[in-house]
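FYI, the numbering for the sequence shown is 1 to 125, going by full-length UniProt numbering. The beta-carbon is built from N, C-alpha and C at its ideal position, and this holds for glycine as well. No experiment lies behind these values; they were computed from the predicted model shown. Accompanying notes for the structure given below.
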Amino acid sequence: MKTIINTDAAPKAIGPYSQAIMVDGFLYTSGQIAIDPATGEFVEGGIEAQTERVLENIKAILKAAGMDLSNVIKATLFVTNMGNFAKINEIYGRYFKDNPPARSLVEVKSLPKGALIEIEVIAHK
């Protein structure tokens with residue numbers, strides 16, 4: 001049985017998808033980009049500002065599912081410039097200090113709304 005997870009503390013879906021789905025204790029989030037849920041607007045700024053906003057959005061979805069970042073077992077990051085790798089790692093490391101999840105980071109040509117980064121996670125309760 002699947003449960004749809006939605007929260008106003010994260011951006012509303014900009015297409016026909018859910019913020020996250022819970023199945024058998026596993027939470028699968030949709031990819032998050034740097035949209036501020038308070039304004040619905042895309043966060044301007046560089047990779048640092050966008051990475052922080054995306055991770056805050058993920059934290060909000062996890063919280064709505066009764067979880068936190070320690071429950072994340074896999075993260076997939078999509079970036080438009082591999083040259084931002086060190087900056088992303090610095091901020092990502094602040095959020096995942098102890099026992100970080102498995103991770104993939106892939107460079108892509110473009111992302112929705114001109115985003116520089118999109119992150120999706122799988123978490124387990």
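Using CA coordinates, which residue listed in 1, 114 and 102 is at the minimum distance from residue 120?
102
In three-state DSSP terms, what is residue 74?
strand
Do residue 19 and residue 73 have their beta-carbon atoms positioned less than 7 Å apart in this structure?
Between residue 73 and residue 19, the C-beta spacing is not below 7 Å.
Please classify residue 92 as buried or exposed, where buried requires at least 16 other C-beta atoms within 10 Å of its C-beta.
buried
Tell me the DSSP bridge mates of residue 107?
79
Reduced DSSP secondary structure (H/G/I, E/B, other) of residue 29
strand
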